[in-house]
Amino acid sequence: MTDVVTLERVLPASASRVFEMISQPQNMVRWWGHEGMIVPEHNLNFSKPGPWYSVMESPDGTRRMVSGEVTEVDPPRFIAFTWAWHDGGPGGPRGTETRVTMEIDEIDQNRAKMILCHYDLGTDSARAGHTKGWLSIFEKLETGLA
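Structure (structure tokens):
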């Protein structure tokens, strides 16, 4: 058993464009969260180290909050951050902290490979849930870059 989810995707853009999409607040809200979710509240900015949070709202009105700290940024190649859901939604206590890395490798001027690793997930259900979420996010990210 492993406590990490690793996902890899070739995206239809240069490494610098992928980095802009995954680090700049105005771009992040376009792909952040499962398909169908909106991000009504956030301070998403992965272009520099510091705290971040987001409130995601599903079509049925359910709101979930996640927060963390951007710990490392190396444009346009790498972003690392911590991640923890807030129990009971916005305003609830912060749950177990996990770690996420996003590595971007240039293939050519029109394609980049992104490898996402989400560490310290602990349980099969946590790994399954985060895998489903990140795969949905990859789809939204790819659509936004196309």
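The numbering of the sequence shown is my numbering, which starts it at 126 and goes up by one.
The C-beta atom is built at its ideal place from N, Cα and C for all residues, glycine as well.
So, helix, strand or coil for residue i, using DSSP?
i    : result
A253 : helix
R202 : coil
K274 : Residue 274 falls outside the range modelled here, since the chain spans only 126 to 271, and no answer is possible.
E182 : strand
P139 : Checking the displayed sequence, the identity of residue 139 turns out to be Ser instead of Pro. Residue state, collapsed to three classes: coil.
Mind checking which residues open and close the alpha helix (DSSP H) that includes residue i?
i    : result
W156 : 150-156
State the Cα-Cα distance for the pair residue i and residue j, rounded to the nearest angstrom.
i    : j    : result
G216 : M162 : 19 Å
S139 : I229 : 9 Å
K265 : T248 : 26 Å
V164 : I232 : 31 Å
P184 : G193 : 24 Å
Looking at the secondary structure, which residues open and close the beta strand (DSSP E) in which residue i lies?
i    : result
H167 : 163-167
A237 : 236-244
E231 : 223-233
Are the CB atoms of residue j and residue i within a distance shorter than 8 Å?
i    : j    : result
F206 : V180 : no
W156 : I240 : no
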